[in-house]
Amino acid sequence: MFAGYDCSHIWEIRKNQSYNGIYTIKPLGANISFQVFCEMKHDGGWTLIQSNDGQDGLNFDRTWDEYKLGFGNISGEHWLGLENIHKLTNQDRRTTELLILIEGFDGTKAFTLYNFFTIGTENKNYQLSIGNGTGNAGDAFRNGDSDQNGSFFSTSDRDNDNCSPCKTGDTRYMSCSRNRFHSGWWFNRCGNANLNGKWHPQEKNLNWASSVYWGTFKASESLKYSKMYIRNY
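Counted the way the working numbering counts, the sequence shown spans residues 22 to 254.
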């Protein structure tokens with residue numbers, strides 16, 4: 022038995038009387054239900070699709086199939102899975118927005134809210150499409166000379182990142198996922214955003230090639246945490 026299409030639908034049908042926690046959902050058009058963590062206390066029901074905070078020691082250097090299906094602990098560090106994210110962001114007559122929450126080790130918190138977010142099918146390599154971003158964390162997806170909007174997803178065993186090679190300083194990379202960031206993400210000649218990068222503890226979090234990275238917020242640091250939420254309406 023499922024509680025709703027997504028966390029925002031549950032929030033709507035229960036007339037705001039919901040609690041934070043794990044729910045079973047079945048997005049419109051999906052064949053099967055699955056579990057998600059819902060944040061219900063802040064403005065409308067948010068579905069958590071990614072959490073990277075070092076608390077569980079989760080390794081984000083995974084294969085294409087692992088990123089496709091998801092991994093980790095739904096109530097802790099995890100990646101919900103590209104197939105599930107695709108289903109959530111492609112529901113008929115429901116628009117999806119993306120909220121990114123990040124924090125530095127100095128306690129500074131920041132956010133970016135994208136007014137539109139969807140990813141394509143596996144045949145389209147789960148291509149990223151985002152709308153306008155607002156918030157004090159900035160729009161790292163579009164920062165610099167490598168716009169990541171429209172990028173295909175890459176993993177260490179399936180490279181779609183347009184590097185031939187990519188160059189950072191004096192270092193050249195043939196693959197952002199395999200050789201630099203060691204994680205799956207929507208890379209375009211690497212780019213300035215990768216929230217699935219390797220987590221590093223405080224005082225050991227500066228100037229790593231692979232890190233929890235948002236280039237428009239504390240760009241030289243690996244962040245204390247990142248969380249990605251979506252809301253449908």
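All C-beta atoms in this analysis are idealised placements derived from N, C-alpha and C, irrespective of residue type, glycine included.
Where lysine 258 sits in the DSSP three-state scheme: The requested residue 258 is not part of the displayed model; the chain covers only 22 to 254.
CA nearest to the CA of cysteine 28, picked from Leu69, Thr129, Asn217 and Glu87: Cysteine 28 has its Cα closest to that of Leu69, out of Leu69, Thr129, Asn217 and Glu87.
Between Arg210, Ser175, Ser247 and Asp77, which has its C-alpha nearest threonine 129's C-alpha? Measuring from the Cα of threonine 129, the nearest candidate turns out to be Ser247.
Residue from Phe162, Tyr88, Cys211 and Asp180 with nearest C-alpha to glycine 190: Of the listed residues, the one whose Cα sits closest to glycine 190 is Cys211.
Expressed to the nearest angstrom, what Euclidean distance is found between the alpha-carbon atoms of proline 186 and leucine 134? The alpha-carbon separation between proline 186 and leucine 134 amounts to approximately 32 Å.
Just reading off the beta strand (DSSP E) that tyrosine 194 is part of, what are its end residues? It spans 192-194 - the beta strand (DSSP E) in which tyrosine 194 sits, taken as one unbroken run.
Residue of Ile140, Asn73 and Lys108 minimising C-alpha distance to glycine 125: The shortest Cα separation from glycine 125 among Ile140, Asn73 and Lys108 belongs to Asn73.
Three or more C-beta pairs closer than 8 Å, one from the stretch 198-215 and one from the stretch 44-63: is that the case here? Not touching, per the Cβ criterion.
Going residue by residue through the stretch 139-219, where are the continuous beta strand (DSSP E) segments of at least 3 residues, counting only ones entirely within it? Listed in chain order, the complete beta strand (DSSP E) runs (minimum 3 residues) inside the stretch 139-219 are 149-151, 187-189 and 192-194.
Cβ atoms of threonine 110 and phenylalanine 138: under 8 Å apart, would you say? Yes, Cβ-Cβ distance for phenylalanine 138 and threonine 110 is below 8 Å.
Distance, tyrosine 194 Cα to glycine 65 Cα: Cα to Cα, the separation comes out at about 42 Å.
Among all the DSSP beta bridges, which residues are the ones paired with valine 57? DSSP output for valine 57 lists Tyr44 as bridge partner(s).
Does the pairing of the stretch 111-118 with the stretch 79-98 give three or more beta-carbon distances under 8 Å? Output reads no: the stretch 79-98 does not touch the stretch 111-118.
Tell me which same chain residues have a C-beta within less than 8 Å of the C-beta of serine 96, skipping the five on either side of it? For serine 96, where only same-chain residues beyond five positions count, the Cβ hits under 8 Å are Gly42, Ile43 and Phe58.
Under 7 Å Cβ to Cβ from isoleucine 106, same chain only, skipping five residues before and after it: list those, please. The beta carbon of isoleucine 106 is closer than 7 Å to those of Ile70 and Ile140 in its chain, skipping five residues each way along the sequence.
Can you tell me which of the three DSSP states leucine 263 falls into? This structure leaves residue 263 out entirely; the chain is present only between 22 and 254.
Could you pull the DSSP bridge partners for glycine 97 from this structure? Partner residues in a beta bridge of glycine 97, as assigned by DSSP, do not exist.
I need the straight-line Cα distance from aspartate 127 to proline 222, nearest angstrom please. Near 12 Å, if we compare the C-alpha coordinates of proline 222 and aspartate 127.
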